[in-house]
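Take a look at the structure below.
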Amino acid sequence: MALKFYNTLTREKEIFTPINPPNVGFYSCGPTVYNYAHIGNLRAYIFADILQKTLEYDGYRVKRVMNITDIGQLTSDADEGEDKMIKGLKREGRPLTMEAMKEMAVFYKDKFMEDLAAMNIKTPDIIAFASDHITEDVEIIQKLLDKGFAYKTSDGIYFEIAKFPDYWNLSGRKKGSEENTESRIGENKEKKNQADFVLWKFSDKDGLGYETKIGKGFPGWHIECSAMGIKYLGEQFDIHTGGIDHIPVHHTNEIAQSEAATGKKPFVRVWMHNDFLDINNGGKMAKSGDGFITLRSVIEKGINPITYRFWLLMAHYRTKMNFNWEALEGAETAIKRLYALYNELGMESKGRVSKKYQQKFKEYIEDDLDTPRALTLLWDVFKDENISNADKKATVLDFDKVFGLGFSAQGGPASGWENGPDAEKISKLVKVREQARQNKDFKKSDELRKEINSLGYEVKDTAEGQKISKV
């Protein structure tokens, strides 16, 4: 069966054929690093990771690029409002300087990378800071000015969408409809069309910005991704991913400015987008208020981050999900049961992958990443009495090349906590917990159990004492 992906641009499932097989150029929109990522944000990166691992499972060589937006993004996809990075500086009481902006960006980028590692997300081949690509931004903007696709106003340089007839293709909106000509924030009388989007924003009264031949200021969010995509993957590449909120503006603008600058169509062959993660039956996940749930919130509840990955895979990436703690706790029970079933298979490691189950797995995962159906095969493999334990292990580990649920870290002396990176910390926690149990301080004992659990290990109290095992 051939790989098939749903292409947002054509609104159809298509057989995937890369430009230069077996190589695949893959760009995934990264975070704006002015705060921690919330778990809604993280859905996009688990989706991109599953996509990459599926491509590699099918034998493709993937070159994946992810941007880090550390400058230039305004408060929404629109062209007005306060820059998110400056908003972050003010929130934290940092000085309004380029140095402080970079310092804050590096801090939150590092925290973001910790989140990716905790969820078994493969690090992209290239992680590109927007602030390191100002020259590339300016080169594209200058091309657009020279070709007549862009114009200057008192506050910036804008792309004129009327010059690009295919502007509405990705979003599916109709050219000339009322909604297309409305300003997204407020009317800018200097813009030729209120939907014209910013390529370069001139410095405000705060004076921050980059000195360039087109003026002092910051690049628009959209131009950053075009510049980095073209630099590392070429003027045309295979796959671009992001959340569905990127479709109507950000990715629409990427296509317009990239194809206008290079003269080549299509800029990207396949556009793929994951749906939203809501909270409390329809509420928006956001970086403020009750909707701001980070991966640290999950860990503080004593839940392993891999459980969150597992829970997301229980739904298709194009299906909206509603987060609640009860659902995540249910997923935790299920994945612990899967780990227990795996550990019960014993130490034998020379089995063979079941061709019958592998064929079925490929059928599901190659059908636009149908992870819910693929996950059902894990349970079927464990229940199948016609397969040896060794072959079951080999089959589960084969599936886990895509799932990334960490079955290879389960069981065996090499995965024991004594040999892990947190061995010293766990040892101390176990000793303190044992003393708390002797003192009948069960509240403290439970708190320490949760702390050990947050490190990826489970504590069981037995007649022989505390037993520590991988979650």
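If you count the sequence shown from 1, position 102 lands on 107 in the numbering used here, and the numbers rise without skipping. Each residue gets a CB set at the ideal place from its N, CA and C atoms; glycine is no exception. Computed from a predicted structure; not experimentally measured.
Three-state class that DSSP yields for residue i in the structure shown
i: P224; result: strand
i: V70; result: strand
i: S302; result: helix
i: V507; result: The structure shown does not extend to residue 507, since the chain is modelled only from 6 through 476, so no value can be given for it.
i: K448; result: helix
Member of the options whose CA lies at the smallest distance from the CA of residue i
i: R96; options: P26, Y39 and I392; result: Y39
i: E456; options: K445, R48 and D427; result: D427
i: D373; options: H43, L60, G356 and G153; result: L60
i: I76; options: E108, N458 and H321; result: E108
i: F169; options: I91, M103, K269 and W384; result: K269
i: N309; options: K325, F447 and K341; result: K341
i: Y462; options: D405, Y172, K196 and A414; result: A414
i: E195; options: E439, R442, L213 and I162; result: I162
i: R178; options: D283, P253 and I473; result: P253
i: K148; options: K218, R438 and G212; result: K218
i: D115; options: D151, Y41 and G98; result: Y41
i: G35; options: C230, A105 and F112; result: C230
i: E439; options: L402, P23 and Q471; result: Q471
i: S136; options: Q241, L213 and L410; result: L213
i: R48; options: N279, R454 and K445; result: N279
i: P129; options: R69, T400 and E119; result: R69
i: M326; options: K365, E334, I284 and E353; result: I284
i: N46; options: K197, F117, M277 and F366; result: F117
Euclidean distance between Cα positions of residue i and residue j
i: N193; j: M71; result: 32 Å
i: W316; j: Q363; result: 22 Å
i: N25; j: N348; result: 42 Å
i: T267; j: F134; result: 22 Å
i: I55; j: I235; result: 24 Å
i: N174; j: T257; result: 8 Å
i: E390; j: K397; result: 10 Å
i: S393; j: E429; result: 37 Å
i: P377; j: A320; result: 6 Å
i: T381; j: K157; result: 56 Å
i: K206; j: G30; result: 30 Å
i: K448; j: L300; result: 24 Å
i: R16; j: E141; result: 31 Å
i: A167; j: F202; result: 11 Å
i: T37; j: E368; result: 36 Å
i: H227; j: H255; result: 6 Å
i: I51; j: L434; result: 31 Å
i: G239; j: I431; result: 48 Å
i: A336; j: Q57; result: 24 Å
i: M90; j: E165; result: 26 Å
i: Y344; j: T324; result: 26 Å
i: D451; j: M124; result: 25 Å
i: L14; j: L350; result: 45 Å
i: T102; j: A339; result: 48 Å
i: L94; j: F404; result: 44 Å
i: E305; j: D243; result: 39 Å
i: Q241; j: E264; result: 9 Å
i: F223; j: L346; result: 54 Å
i: S159; j: K18; result: 44 Å
i: A200; j: M106; result: 29 Å
i: Q443; j: T246; result: 53 Å
i: D209; j: G248; result: 30 Å
i: I73; j: Y215; result: 18 Å
i: Y62; j: V407; result: 7 Å
i: A441; j: D385; result: 42 Å
i: S474; j: T22; result: 44 Å
i: T312; j: V464; result: 17 Å
i: A232; j: S176; result: 21 Å
i: K361; j: I132; result: 38 Å
Residues sharing a beta bridge with residue i, DSSP
i: H278; result: G247
i: N12; result: E17
i: F328; result: I284
i: T37; result: T74
i: I473; result: V464
i: V273; result: F242
i: D1; result: Residue numbering for the chain in the displayed model covers 6 to 476; residue 1 lies beyond these limits and cannot be assessed.
i: H256; result: None, per the DSSP bridge assignment.
i: H321; result: Looking at the DSSP assignment, H321 forms no beta bridge with any residue, so it has no partner.
Ranges of the alpha helix (DSSP H) found wholly within the segment 111-186, counting only runs of at least 4: 139-151 and 183-186
Any beta strand (DSSP E) of 3 or more consecutive residues that is wholly inside the segment 201-252: 202-207, 222-224 and 242-248
Every unbroken beta strand (DSSP E) within the segment 377-415, with a cutoff of 3 residues, ordered by chain: none
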